[in-house]
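Here is the structure we will look at, set down as C-alpha cells.
Protein chains: 2
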Amino acid sequence: MRKIILGTIIVAVFASLANGQDASASARKATEANLKEFVDAFNKGDAAAVAAIYATDARLLPPNAAMVEGRANIQTFWGGVIGAGAKLVSLTAIDVNVSGNHAIETGKYVSTAPATGGGTTTDEGKYVVVWRREGRDWKIIRDIWNSNKPQQ
Amino acid sequence: MRKIILGTIIVAVFASLANGQDASASARKATEANLKEFVDAFNKGDAAAVAAIYATDARLLPPNAAMVEGRANIQTFWGGVIGAGAKLVSLTAIDVNVSGNHAIETGKYVSTAPATGGGTTTDEGKYVVVWRREGRDWKIIRDIWNSNKPQQ
C-alpha cells in the first residue's frame, strides 16, 4: 500500500512538472499567435477584433492619456488611434514569464503615424502586457507602453 | 485506511487553499511595505536603497528612454533622476494580482521636478510593476510607467 501511495505521489509530481512546462510552452504559443492577430486586426482597421484580444475587465495604460478600463472603452480607444492613421510595423516579445494563470510579456513595438507636415513618423518603444488564462485562450488584462524617443 | 487517505487529501487541499490566501495577503503586505520604502529611499536621495528593491535581473522601462537592464544600471538611472531634483509625492497601488511566485501591481504616481523657468512641475501618471518572490521578500522584476499628461 505504501509503495502504491509513494508511486502515485511521484507520478503526480512529475505529471505536475510536465504540465507546468506544457502550460508554459502553450502559453507562449497562444500569446504569440494573439500578438500576430493583434497586428493584423490593427492594420486592417478592425478595432473590435483588437479589443476581443483583451479580457472584458482589462486595463489599458496609454502614454499621455488617462487609464482606459474595460473592453468596450479599449475598443473606442484603439478605434481612435486607427482612425488617426496609425499602423503597427511590429510587436516583438522579448520574454514571456508564465506564472500560475498569468503570463507577463515584455516586448518592443514599432509603429507609424501620419506626420503633421505630411509624410509619416515612426515611433519605437517598449511594453509590458499581462495575459490571463481564460479557458483554452489567453486574454490581455494589462497593457502599458511608452516610447524610446526623447520627449519633443 | 481509505478514510485516513481521504482525510489527508481534504486537509491538504484546504491547507493549500489557505496557503494561497495567506500568500496573497502576505504578498500584498510585503509589496505595500516595499513601495513605502521606495518612496522614502527616493526622497532621501538614496539610489542604492531604491535599486535594492529590484531583482538583480530586473528590467526598467522608462518613458522617452531606452530599456534599463539589471540592478546596477537601474541604480545609475534613478541616481540621475534624483540628481536632477525629482521627488516622489506618492505611489499608490490600485490593485495587486498575485499569481504563483509573481505579483502584478497596477498603480498611480505623483512626482515633482524642478521646472526649467524656476519653480516646480508636477507629473501624474500610472504604472505596472511586477514583483517576484525571492525567499521571504518580493523584488521588482519589471517596472514601466507613463504620464497622464498630454505630450507637450
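Chains U and Y are the protein sequences, given in the same order.
Heads up: the first sequence begins at 1 in our numbering, then just goes up one per residue.
Heads up: the second sequence begins at 153 in our numbering, then just goes up one per residue.
Glycine included, every Cβ here is placed at the ideal spot set by N, Cα and C.
Proximal chain U residues relative to Y:N298, where beta-carbon distance stays under 8 Å: Against the second sequence, residue 298 of chain Y aligns to sequence position 146. In chain order: L61, P62, P63, N64, I144, W145 and N146.
Would DSSP call Y:D192 helix, strand or coil? What you label residue 192 of chain Y is simply residue 40 of the second sequence in a count that begins at 1. Correct three-state label for Y:D192: helix.
Using 7 Å as the threshold, is the C-beta distance between Y:I226 and Y:L212 below it? Within the second sequence, residue 226 of chain Y is the residue found at index 74, counting from 1. Within the second sequence, residue 212 of chain Y is the residue found at index 60, counting from 1. Yes, they are a contact pair.
Please list, in chain order, the chain U residues whose beta carbon lies closer than 7 Å to that of Y:K301. Along the second sequence, one-based indexing puts residue 301 of chain Y at 149. Under the 7 Å cutoff, chain U gives N64.
Contiguous beta strand (DSSP E) assignments of at least 3 residues, all confined to the region 232-297 of chain Y: 239-251, 254-266 and 272-286
Verify the CB distance criterion: does U:V128 have a CB-CB separation below 7 Å to chain Y? On the first sequence, residue 128 of chain U is found 128 positions in, with the first residue counted as 1. Cβ-Cβ to chain Y under 7 Å: yes for U:V128.
7 Å Cβ cutoff, U:S26 in contact with chain Y: Taking the first sequence and counting its residues from 1, one reaches residue 26 of chain U at position 26. So no, U:S26 is outside the interface.
Are at least three pairs of beta-carbons, each pair with one atom in the region 124-138 of chain U and one in the region 99-110 of chain U, less than 8 Å apart? yes
Interface residues of chain Y around U:N101 at Cβ under 7 Å? Looking up residue 101 of chain U in the first sequence gives position 101. Correct list: S251.
Could you check whether the Cβ of U:I104 sits closer than 7 Å to any Cβ belonging to chain Y? In the first sequence, counting from the first residue as 1, residue 104 of chain U sits at position 104. At least one chain Y Cβ lies under 7 Å of U:I104.
Y:N216 and U:Q151: beta carbons closer than 7 Å? For this step, residue 216 of chain Y is matched to residue 64 along the second sequence. For this step, residue 151 of chain U is matched to residue 151 along the first sequence. Taking 7 Å as the Cβ cut-off, Y:N216 and U:Q151 qualify as a contacting pair.
Given that a residue counts as buried once 16 or more other Cβ atoms are within 10 Å of its Cβ, and exposed if not, what is Y:T111? Residue 111 of chain Y is absent from the structure shown; chain Y starts at 153 and stops at 304.
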